[in-house]
Every structure is written in structure tokens, then in C-alpha cells.
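K.L.:
Got a structure here, written out as C-alpha cells. Questions coming.
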């Protein structure tokens, strides 16, 4: 497994996209922090970046990578290696390189300019989102042999989690505004990794506003030790479940 | 020189009349009650260290009661400890402990009743019901006291410094915590509240009702159940106060309800759920304040009018301004808003495009609070951006025509 991970990483380094991704993130982060004296504003901008841009790059890049290395996969499948091992190695290589890119591109500037709990939370959720969306990408790409279809599916999934899901939530909020929605809202936020990450960040950034109204419920839940453990467990599940499904599909797939 | 000599003579004659009476173990008196009874106008009672359980005590002549190293007057949770019913009384350096409690009587650790020129200085109050209660008092000084109680809920607790129908009071440098309201004013006029620190009280840090022409400055109100409330009053000046960490659905840095003609300047509002809540307020001037990291910097209800909000800094608040209607009769000008995205072509430091501090999402959460969950999502910022360009739902009139490009120097 180690050898495959090594080769995947080497391959990723060679195609330079990860390198470019790191540099772009680095430039944006330093730019954002230097533009304004107010570091909180910088964290806010980076939060938007890591909630929208990071999932998009992770999911598209991973999907394309898997399709492009289909010959490499076919070759390795012919070797005496378990398919599960092979697939997990690809996943590990991809997440490792994307996570390192994120850590260097956003993690280092954040630690330099805003080394607070808020900053740490930003790094944490960003890492989780990288891993989760890589797992989802593997799931999307194993489902279909057609590259265009696979990428389309990935983009759709990304679009669903960043925009469509929130619109549906808003619809529910207004349709059922007569009912107490605080607890269903917590459940609904658990069902979308982007929302979950965003709320974890909100609790650090907008705690004053959240303490009014529904916030009290949110804060009681997410702010408590059990709640934050549960949210991180939930994020982990969000990474494991698509990966597990993709492994199962890959094991049975007729290449 | 002639006058000076005369004054000196007068002073000496005063000194010769007043005696010092020592109370304590091994002293002439062991009972405070007896010492008060024996004392004449102008005498000084020196209370030596020890625990005195003889309340209720009543002072009905102009004497000075001074504690040496904080002797304890204990109310054993039954009595009002000390009542002052005379002018020119001074109480200093005493620890009042365990005043009585009652659900139908206003029992205080120390009560000033119908008196003038009373000075309460550098005392400590522990586990009192009401701490210092002043009724029909005039020109009294309450200075440097430390009040600490153990209030759990609003019903079974009472206020730290409570003033009712008083005038020209000076309340300075006190520390109040664990009471219902830190400082409570009802029908109190021409008074000054300065440099007090009121924190972790169950309800309000400071509570004003029907009190006109008062001034409070340099105070800090932190982490109180519901912040500070100023209601049904006029001509109140508030300067250089700090309102911080008041969190909750009904917690305000300061709640202005039916008040008028006041000035709010140079204050700092930090980390409050709502920094200023205005309801039925008119002709208030707010200048040079800092609003930082609040949930809502201001909530201005539609029934407010002729207020001027100018030269303030709004930095890192979740929402700048929220309102509940379309009618806007207050004026915003020359404030610095960190969310402002306009430009300044002629470089005069004032943005060329008006700033609208009410965001659509603030309106949405006002109407449907749980939608706070979607705050800062891609969709929410999309909605806000569209509304900024073509305002449809947010009140068009609520805008700052001359937003500053850089923070105002405070």
C-alpha cells in the first residue's frame, strides 16, 4: 500500500496542479490578511473560500484524477494486490496531497495571522472538507465509466451541497415557520458537511448573534462538549460512508 | 488671613466638641447599639474588628461610624442591618454580612431614609438582599463599596444599589455583582454614576426608570443577565461606558425604551447579542461610540424618531442595523462601517455611494429566527448581494449617505 501511495503522490507532484493550487491558496490567504488590519475579516473571507472553493477543487480534481489514471488502475488490478487496498491507496494519496496543499496554502497564513480557536476551527473544518469531498469524488467516479458523466455528477453533488440544499432548508424554514424548528434544524445541518462546517465556524465568529433567538439552542448543542464531539464524528462519517460505498463498488466493478 | 484664622478657630471648636467612641472587645463599649445611643451629634464611633450581631441598628443623629479593618455587622439573615435616618452621617470601612431576606419587604443591608449629605464609603456587603437602599435621599455619596451577593433568580433576589425618589446622588467607584440589578434608579434626578463596575448580576447591570437629568460615565457593565436598561426617562447622558458580553435572546448592551433627549457618546459596545435596542426613543444623539463583535450593533424599531447616529465605528458585527418596519425617522451619517464596499473618487475620506446598514438577511432572521442557521452560507450572501444592488425588501430610507472610508478616531 505504501508503494502505491508513494507513486500516486509522485504522480500528483508531477502534474503540478496541486502545486498551483497550493500557491493560489497561499497568495489568496496572504492577500486577504494583508488587505485588512481586521484579522477576523480575513478569517471570514477564508471561511467562504474553504466552504465553496475547497470542496469544488477537491471533488473535481479527484474525479478527473481517477479517470485519468484508469489505465494505471487497470494495470495494478492485474497484479496480486487486493482491490480494496488499491482503492484506499488512491484515496490516501489524493487526500494527503490535497490536505497538505490546504495546510500550506491556508493553514500557515492562518496560524501566522490569527492563531486563535477560530483559526484552528477553520483549519480543522477545511481539512475535513478536503477529505470528505475527495471521498465523494471517488464515489462519483466509480459509478460510471463515462468521464464527462462522472465529472458532471461531481459538479452536481458540489452544487447540491453548497447551494441547493441551503435553498431547500430555507424553503422548509418558511413553509413550516409556525412550528418549532430548532431541533429539526440541528438534524438538517448534520446532513450536509458544508453546513456543518459553516455552523461550527459561526459558533466561533458570530457567537454574539447566535446567542439570541435560536442561537441558544444551537449553542447549547454545538457548544457543548458532547455536541462538538458529535459534529466531528458526523464529519468523519461523512468521509467514511462515501468511501466505503466506493470501495464496495470498486471491488465488484467490471473494469 | 483674618478669615483663615476665624476658620481655624471654628475648626478647632468643632474638634473639641466631637468625641471618638471606641467599640470592640476590651474597649469602653462592646455594643454598637449602646455606642450609637450614647453618641452625640458630630461624634465618631470607631468600630474595632469583631463580629457584631445586634441588628437592626438605627442612626438618628449626625455621627460618623468608621470601621477599623472591616469589623462585621451581621444581620443573621433576619434583619435590616443599619438604617440611617439623619443628615450628615458617614459610614466607612464596615463589612455588612447576611442581611435579612423577604419576599414582601424591601430589606436592605444599609438603608438611607429621608436624609441628606450621607456618605457611604469603602464598605463591603456580602450576601445582602438589597445592598444599599436609598429612599427620599438627597446629595448622598456612595463611593468605593464592594457589593457581592449570591442571587440565583430574579424572584428571590434584590438590587445592589437601589435608589428611589432621590436627588443629586453620587455613586462612584463601586463594584457590584451577584445581585438582581446592579444599580437601580427609580425617580432619581440630577445624579451621577461614575466608574462603577457592575458584572454578573441576574438581571440588569444598571436599571433606570422614570429618572431624568442623570449622567453616567466611565462605568463597565459586563456579563449581566440582560445588560443595561434605560426606560421612561429623559435627558440622560452616557459617556465612556463599556457594555460587554451581554448574551441571550433578551440581552442588550443597552435597552432604550421610551427615552428622549439623551446623549450617548464615547461608549464601547463589545460582544453583546444586541448592542443597542431602541424602542420609542426620540431625539437621542449617538456619537463616537465603538460597536465591535456584536450580534446586532443596533436594533432601531420603527417607533423611534429624530435620533442622530453619527461618527460611530461599526466593526466586525454580525449585523449592523436591524429594524421592524419601513418607517425610518432617524438619521445615520458619517459613521464608519467595516462592511462598506463603496469607493471614494474625490478622496475626501467620505464614500461616494450611500451605505445601507440593514442587510436583507437581517430582515429574514428578524422574521424567521431559525434561519440564522443559514447565515454566511453561499446562498445567504447571494441574496444579500442582490438586495444591495436593487433594494426591494429593506427600508430604502435607512442609509448612511456619507459613510466614512476609514474608522473614525475616537
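Chains as they are written, first to last, in the numbering used here: chain S, 2 to 256; chain B, 480 to 889. Here a beta-carbon is modelled for each residue, glycine too, at the ideal position from N, C-alpha and C.
#1: Which residues in chain S have a C-beta closer than 7 Å to the C-beta of residue 755 of chain B? List them in chain order.
#2: Would a C-beta distance cut-off of 9 Å place residue 113 of chain S and residue 128 of chain S closer than the cut-off?
#3: Is the shortest distance between the beta-carbon of residue 209 of chain S and the beta-carbons of chain B less than 9 Å?
#4: Select from the segment 786–811 of chain B all residues with a C-beta closer than 7 Å to any C-beta belonging to chain S, and list them in chain order.
#5: Say whether chain S places a C-beta atom closer than 9 Å to the C-beta of residue 666 of chain B.
#6: For residue 206 of chain S and residue 753 of chain B, I'd like the C-alpha separation in whole angstroms.
#7: Starting from the C-beta of residue 500 of chain B, find all residues in its chain whose C-beta is less than 8 Å away, skip the five residues before and the five after it, and write them out in chain order.
#8: Can you list, in chain order, the residues of the segment 856–885 of chain B whose Cβ is nearer than 7 Å to any Cβ on chain S?
#9: What residue range is occupied by the uninterrupted alpha helix (DSSP H) comprising residue 12 of chain S?
#10: If you follow the beta strand (DSSP E) that residue 756 of chain B is part of, which residue opens it and which one closes it?
#11: What are the boundary residues of the beta strand (DSSP E) that includes residue 863 of chain B?
#12: Look up residue 802 of chain B in the DSSP assignment and say whether it is helix, strand or coil.
#13: With 9 Å set as the bound, which would you pick, yes or no: does the beta-carbon of residue 16 of chain S sit closer than that to a beta-carbon of chain B?
#14: Sorted by chain position, which residues of the same chain lie with C-beta nearer than 6 Å to residue 593 of chain B's C-beta, five sequence neighbours on each side aside?
#15: Find the residues of chain B that neighbour residue 163 of chain S, judging by a C-beta separation of less than 7 Å, and give them in chain order.
#16: Check residue 455 of chain B in the structure and name its three-state DSSP category.
#17: Report the residues of the segment 727–753 of chain B with a CB closer than 7 Å to any CB of chain S, ordered along the chain.
#18: Please state if the CB of residue 642 of chain B and the CB of residue 479 of chain B are separated by a distance shorter than 9 Å.
#19: What are the residues that DSSP puts in a beta bridge with residue 686 of chain B?
#20: Can you tell me the Cα-Cα spacing of residue 155 of chain S and residue 774 of chain B, whole angstroms?
#21: Have a look at residue 222 of chain S and residue 229 of chain S and give me their C-alpha separation to the nearest angstrom.
#22: With DSSP run on the structure shown, which of helix, strand or coil describes residue 37 of chain S?
#23: List the residues of chain S that residue 847 of chain B touches, going by C-beta distances under 8 Å, in chain order.
#24: What residues in its chain sit with their C-beta under 8 Å from that of residue 729 of chain B, if we drop five residues either side in the sequence?
#25: Whose C-alpha, out of S:32, S:237 and S:44, is nearest the C-alpha of residue 855 of chain B?
#26: Alpha carbon to alpha carbon, how far is residue 837 of chain B from residue 72 of chain S? Give it in angstroms, no decimals.
#27: Select from B:742, B:778 and B:889 the residue whose C-alpha is nearest the C-alpha of residue 734 of chain B.
#28: Given residue 651 of chain B, which residues of its chain have a CB within under 6 Å of its CB, disregarding the five upstream and five downstream residues?
#29: Counting only Cβ pairs nearer than 7 Å, list the residues of chain S close to residue 850 of chain B.
#30: Pull up the DSSP beta-bridge partners for residue 499 of chain B, would you.
#31: Closer than 9 Å by beta-carbon distance: list the chain S residues that pair up with residue 888 of chain B, in chain order.
#32: So what does DSSP say about residue 619 of chain B, is it helix, strand or coil?
#33: For chain B, check one thing: does any of its Cβ atoms lie closer than 9 Å to the Cβ of residue 11 of chain S?
#34: From the DSSP output, in three-state form, read off residue 150 of chain S for me.
#35: Please report whether the beta-carbon of residue 854 of chain B lies at a distance below 9 Å from any beta-carbon of chain S.
#36: At a CB-CB cut-off below 7 Å, which residues of chain B make contact with residue 84 of chain S?
P.N.:
In short, the structure shows the following:
#1: Within chain S, no residue comes near residue 755 of chain B; the closest Cβ sits about 13 Å away, beyond 7 Å.
#2: no
#3: Closer than 9 Å: yes.
#4: 794, 795, 797 and 798
#5: no
#6: 15 Å
#7: 507, 508, 514, 517, 518, 522, 523, 524 and 525
#8: 856, 857 and 858
#9: For residue 12 of chain S, the enclosing alpha helix (DSSP H) stretches over residues 3–15.
#10: 753–758
#11: Careful: residue 863 of chain B lies outside any beta strand (DSSP E), inside the alpha helix (DSSP H) at 857–868.
#12: coil
#13: no
#14: Excluding sequence neighbours, residue 593 of chain B sits near 615.
#15: 857
#16: For residue 455 of chain B there is no data in the structure shown, the boundaries of chain B being 480 and 889.
#17: 727, 728, 750, 751, 752 and 753
#18: With chain B covering only 480 through 889, there is no way to say anything about residue 479 of chain B.
#19: Listed as beta-bridge partners of residue 686 of chain B by DSSP are B:663 and B:708.
#20: 36 Å
#21: 8 Å
#22: coil
#23: Ordered by position in chain S, the residues that pass the 8 Å Cβ test against residue 847 of chain B are 174, 175 and 178.
#24: 705
#25: S:44
#26: Rounded to the nearest angstrom, the two C-alpha atoms are 56 Å apart.
#27: Closest in C-alpha terms to residue 734 of chain B, from the list B:742, B:778 and B:889, comes B:778.
#28: 622, 673 and 674
#29: 171 and 174
#30: B:523
#31: Simply none; closest approach about 14 Å.
#32: coil
#33: no
#34: Helix, per DSSP.
#35: Residue-level contact by beta carbon holds for residue 854 of chain B and chain S, with a gap shorter than 9 Å.
#36: Those within 7 Å of residue 84 of chain S in chain B number zero; the least Cβ separation is about 37 Å.
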